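Visitor:
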Amino acid sequence: MAQRTTGRPPLVSTTENHPLLYVVRHGATEWSVSGQHTGRTNIPLLPEGELQARATGKLLSDIDFSLVLCSPLERAQRTCELAGLREQAVLEDDLYEWDYGDYEGLTTA
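Just so you know, the numbering used here puts 1 at position 14 of the sequence shown, and the rest follows in order with no gaps.
1. For G44 and T94, I'd like the C-alpha separation in whole angstroms.
2. Rounded to a whole number of angstroms, what is the C-alpha to C-alpha distance between R12 and L54?
3. With C-beta atoms as the reference, is A42 less than 7 Å away from L69?
4. Please report the straight-line C-alpha distance between Q18 and G36, rounded to a whole angstrom.
5. What did DSSP end up calling G49 once you bin it into helix, strand or coil?
6. With a threshold of 16 other CB atoms inside 10 Å of the CB of L82, please say whether the residue is buried or exposed.
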């Protein structure tokens, strides 16, 4: 799925028959830091989360992705944008977080 455009070795070994798949989680939010079930609530990234997203973008900057999928949630789209992947990203409804229902915003005991 992705090919490197520089001489730097890949993070895992690969051959043409085994494409690489990169999975990136959104940067830190208030609820992810506090351990609250975020689910489908649209929580923005914290400044720390924005820094994480930019750092992720630097790590992935020399990769020519054939496909970038992103959740429609704000935190995922912002992470994608700050990582420099927003222009090529396709919003995918199947990447929505779980619906925690009444547990949304609560912490696990």
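Here a beta-carbon is modelled for each residue, glycine too, at the ideal position from N, C-alpha and C. Keep in mind the model is a prediction, meaning the values are calculated, not measured.
Guide: In brief:
1. Within the sequence shown, residue 44 is the residue found at index 57, counting from 1. Within the sequence shown, residue 94 is the residue found at index 107, counting from 1. Straight-line Cα distance between these residues: approximately 30 Å.
2. Locating residue 12 in the sequence shown gives position 25, where the first residue counts as 1. Locating residue 54 in the sequence shown gives position 67, where the first residue counts as 1. Approximately 16 Å, taken between the alpha carbons.
3. Counting from 1 along the sequence shown, the entry for residue 42 is found at position 55. Counting from 1 along the sequence shown, the entry for residue 69 is found at position 82. No; because the gap between Cβ atoms is not below 7 Å, this pair is not in contact.
4. Translated into the one-based positions of the sequence shown, residue 18 becomes position 31. Translated into the one-based positions of the sequence shown, residue 36 becomes position 49. One point to set straight first is that residue 18 is Trp, not Gln, in the sequence displayed. The straight-line gap from Cα to Cα measures roughly 12 Å.
5. Numbered from its first residue, the sequence shown carries residue 49 at position 62. The sequence shown places Asp at residue 49, rather than the Gly named in the question. Coil.
6. The count along the sequence shown starts at 1 and reaches residue 82 at position 95. Exposed, because fewer than 16 other Cβ atoms sit within 10 Å of the Cβ of L82.
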